[in-house]
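First residue of the sequence shown? That's 1 in UniProt numbering, and the numbers climb one at a time after it.
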Amino acid sequence: MQDSNNYKPKQTISDRKPSLINNSPSADKTPQPPTKPSPERTPPVIRTDYPKTESEDSFLNVHRKQEENCHGTLGNRISCGDFSQYGITADDYFYAREAFPWSALIVKKGSNSLHCLATIIQYGNQQKYSNNTDIVATSSTCIGYNSYEIKHEHFVYSGRYDKNTFHKINDNRQDIQEIIMFSDSMSNPYLTVLRLKNPIIFNLHSQPACLLPTNQVYQPERCFLNGFDLQQVRVAEFAAVLTAEKPCTKNHYPELGDSPNYFAESDDVIASILKKLYPTVYWLQGSKQSKANTQVFHLIYDDINRNFSVVCTATAVSYYGQQITTDTLITSSPCTRGRVGEDIYVFPGFSRGGSSQMYRVKDIILYQPIDDHMKQIKASLALLKLFNPITIEPPAKSLFHTIQYRRNIGGRIEMCYVYGLNRRGAFDETPVKIVTPEACESVFSGKFDRNHMICVSNPSTMLYKSIGAPLICDFGNERLQIGAKLKSTHKYITSDEKEETLEMYISVNEYPQFE
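Structure, rendered in structure tokens:
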């Protein structure tokens with residue numbers, strides 16, 4: 001018989017109180033009944049005894065125990081945005097330096113690199129009445145015009161994120177079934193919903209956020225922004241203030257000013273970035289100039305770590321005039337694949353005196369391939385839309401225009417060139433020869449399509465990152481862009497022992513008007 005004075009009832013799973021870390025405020029305490037929130041705002045608590053970084057084995061053990069502790073609630077209906085159902089509070093997440101449980105990551109397959117963030121949500125009629133969901137919300141900026149790549153080459157990761165164990169926890173990864181974008185005339189960017197192939201099961205680290213009913217006005221006590229801390233390599237929350245339910249536009253907030261079309265940093269920062277991209281430049285001065293001197297641009301990609309890199313070439317679209325004003329650039333589809341518009345800047349090369357500027361790209365418009373064969377080899381054109389038009393005044397000798405839609409390019413071609421920028425960021429041009437389609441068909445096999453492509457022999461390699469570069473040809477008194485460079489190339493030796501390169505260009509005139 002047990003001593004009644006020493007007897008303690010056996011604790012059941014449902015009685016146990018899961019905690020995120022051992023020293024969190026609610027760890028190893030008896031759950032308290034929920035209390036009504038105080039109308040007074042309490043000052044923030046500044047905590048100095050942060051927990052030590054966990055080892056990989058320790059993290060896995062804690063993760064397994066927490067999932068076991070909350071196993072009893074998996075079959076229950078989970079309330080959105082409610083921490084108390086697991087016996088914890090919002091402060092537990094802050095002190096443990098944990099992301100809120102409705103945070104999700106959109107991750108590139110293979111490399112496991114972060115693309116952007118999302119929020120776990122439920123269907124409106126299922127809020128507080130289900131224990132799983134197959135939808136997450138994000139922004140159209142995350143998707144851009146690369147929905148095919150996002151859908152097939154990325155997955156959604158939910159639950160606790162740790163850089164050391166991220167690749168070992170596969171149960172939290174869900175493939176994307178469908179991308180749904182909700183657009184209207186008042187919103188940009190738009191709300192985008194990703195429907196997943198398999199549902200996210202709610203638990204301690206994966207819970208849905210609540211969605212407000214339509215037209216309901218809500219005055220929050222505290223607001224937070226979700227983001228990725230690059231220094232700590234983790235998802236984190238940042239306190240924010242909701243000043244009013246007004247859109248962030250110049251009409252409501254005049255102090256915002258006009259949306260800048262250029263890289264909104266100081267001249268010194270611009271000069272530093274360009275110096276790294278073009279290290280052989282011996283004169284350099286950043287400047288927010290309003291005009292460019294060339295119709296060809298380098299595309300500069302800004303990744304999540306603020307590492308800038310030159311990726312390819314694009315061309316300003318124009319049909320007439322000596323002075324060109326446009327907000328549209330054209331390139332080939334390989335140049336933009338897997339990228340989002342607002343992560344790209346375009347650089348027109350160094351102007352006279354060494355001053356120049358990077359211009360912001362707003363959107364990418366990717367044309368569908370012309371036919372099944374072009375779709376199979378993933379070849380088409382892409383447009384880059386800038387935030388605002390720019391004015392270009394190229395030298396008269398290098399001025400050209402874009403060939404019009406469905407205009408026949410037959411007839412006498414006097415001379416052809418490829419335009420671009422070299423490694424010093426300076427404008428350069430190379431005379432090239434158009435050769436018979438059989439030459440490219442024999443070398444590139446099924447990748448070359450004589451109906452929609454042009455085969456070119458290039459004797460020079462002076463241009464830098466020339467994918468997307470324009471093929472320019474003289475037709476009498478006209479100089480027109482008739483093609484954009486694709487990725488595949490092949491070097492060969494000519495009959496007179498010189499090295500040249502076979503290149504493929506996609507025909508520009510088979511795509512609709514660009515302006």
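For each residue, glycine too, the CB sits at the ideal point set by N, CA and C. Model, not experiment: these values are computed from the prediction.
Quickly, what does DSSP pair residue i with across the bridge? List them, please.
| i | result |
| --- | --- |
| Glu500 | Tyr492 |
| Phe297 | Ala314 |
| Met181 | Thr192 |
| Pro175 | Reading off the sequence shown, one finds Asp at residue 175, where the question assumed Pro. Looking at the DSSP assignment, Asp175 forms a beta bridge with Phe155. |
| Val435 | Paired residue(s): none; Val435 is not in a bridge. |
| Gly446 | None; Gly446 has no bridge partner. |
| Arg479 | Asp474 |
| Ile200 | Thr133 |
| Arg234 | Asp229 |
| Asn458 | Thr501 |
| Asp302 | Phe308 |
| Glu510 | DSSP, once it has assigned bridges, lists no residue as partnering Glu510. |
| Leu421 | Phe427 |
| Lys485 | Tyr505 |
| Ile78 | Ser130 |
Between the options, which lies nearest to residue i when the distance is taken from Cα to Cα?
| i | options | result |
| --- | --- | --- |
| Val241 | Asn226, Arg222, Glu429 and Lys197 | Arg222 |
| Ala99 | His152, Ser158, Lys109 and Tyr123 | Ser158 |
| Ala382 | Asp449, Gly483 and Thr461 | Gly483 |
| Ser333 | Asp372, Glu497 and Leu486 | Leu486 |
| Asn307 | Pro394, Leu225, Glu510 and Ser272 | Ser272 |
| Asn112 | Val156, Tyr148, Ile78 and Thr119 | Val156 |
| Glu438 | Leu277, Asp449, Val432 and Glu429 | Asp449 |
| Val361 | Ala469, Asn132 and Asp302 | Asp302 |
| residue 552 | Gln207, Phe387, Asp371 and Asp162 | This structure gives no information on residue 552, because the portion of the chain shown stretches from 1 to 515. |
| Cys416 | Val443, Tyr505, Gln122 and Thr336 | Tyr505 |
| Ile413 | Asp134, Val310 and Leu471 | Leu471 |
| Gln322 | Pro394, Ser488, Lys375 and Phe297 | Pro394 |
| Ala292 | Cys142, Pro279, Gln481 and Thr325 | Thr325 |
| Ile121 | Ser140, Ile179, Leu194 and Tyr86 | Leu194 |
| Asn226 | Thr138, Ala396 and Asp428 | Thr138 |
| Ser147 | Thr315, Ile200, Arg337 and Ile300 | Arg337 |
| Ile403 | Gly81, Val317 and Val346 | Val317 |
| Ser445 | Thr461, Val418 and Ile377 | Ile377 |
| Asp175 | Val107, Pro220, Cys210 and Val233 | Val107 |
| Ala118 | His490, Thr141, Gly124 and Gly110 | Thr141 |
| Tyr359 | Ile370, Asp372 and Val296 | Val296 |
| Pro279 | Phe350, Asp372 and Thr192 | Phe350 |
| Asp134 | Arg160, Glu178 and Ala469 | Glu178 |
Using three-state DSSP, classify residue i as helix, strand or coil.
| i | result |
| --- | --- |
| Cys440 | helix |
| Leu209 | In the sequence on display, residue 209 carries Ala and not Leu. Looking at Ala209 - three-state DSSP - the assignment turns out to be coil, as it is neither helix nor strand. |
| Gln322 | coil |
| Thr119 | strand |
| Leu329 | strand |
| Lys52 | Only weak support exists for where Lys52 lies, its pLDDT of 41 falling under 50; the value from the coordinates is given anyway. Lys52 falls in the coil class under three-state DSSP. |
| Ile467 | coil |
| Tyr505 | strand |
| Gly227 | strand |
| Val62 | With a pLDDT of only 48 at Val62, under 50, the local geometry of the prediction cannot be trusted, and the value read off the model is given with reservation. Note: Val62 maps to helix in three-state DSSP. |
| Asp268 | helix |
| Thr141 | helix |
| Glu429 | strand |
| Lys163 | coil |
My assumption, with CB atoms under 8 Å, is that residue i sits in contact with residue j. Please give the rounded CB distance.
| i | j | result |
| --- | --- | --- |
| Leu502 | Cys455 | 7 Å |
| Ala104 | Val136 | 5 Å |
| Met374 | His452 | 6 Å |
| Gly425 | Thr313 | The pair is not a contact, with the Cβ atoms about 12 Å apart (cut-off 8 Å). |
| residue 516 | Asn388 | Limits of the chain in this structure are 1 at one end and 515 at the other, which puts residue 516 out of reach. |
| Val310 | Leu274 | Contact doesn't hold; Cβ gap of about 10 Å is too wide. |
| Gly81 | Cys210 | 4 Å |
| Asn509 | Leu463 | In fact, because the Cβ distance is near 23 Å, the residues do not count as touching under 8 Å. |
| Ile330 | Thr315 | 5 Å |
| Leu399 | Phe228 | Leu399 to Phe228, Cβ: 45 Å. No contact. |
| Asn132 | Ile200 | 6 Å |
| Pro385 | Ile365 | The sequence given here has Lys at residue 385, not Pro. Right, their Cβ atoms sit about 7 Å apart. |
Give a yes or no on whether 8 Å exceeds the smallest Cβ distance from residue i to chain C.
| i | result |
| --- | --- |
| Thr328 | The structure shown has no chain C; it contains just one protein chain. |
(request) Report the residue ranges of all alpha helix (DSSP H) runs contained in full by the segment 87-117; include only those spanning at least 4 residues, in chain order. (result) 90-95
(request) Could you tell me which uninterrupted beta strand (DSSP E) segments, each at least 3 residues in length, are contained entirely in the segment 331-412, listed from first to last along the chain? (result) 344-347, 359-366 and 381-392
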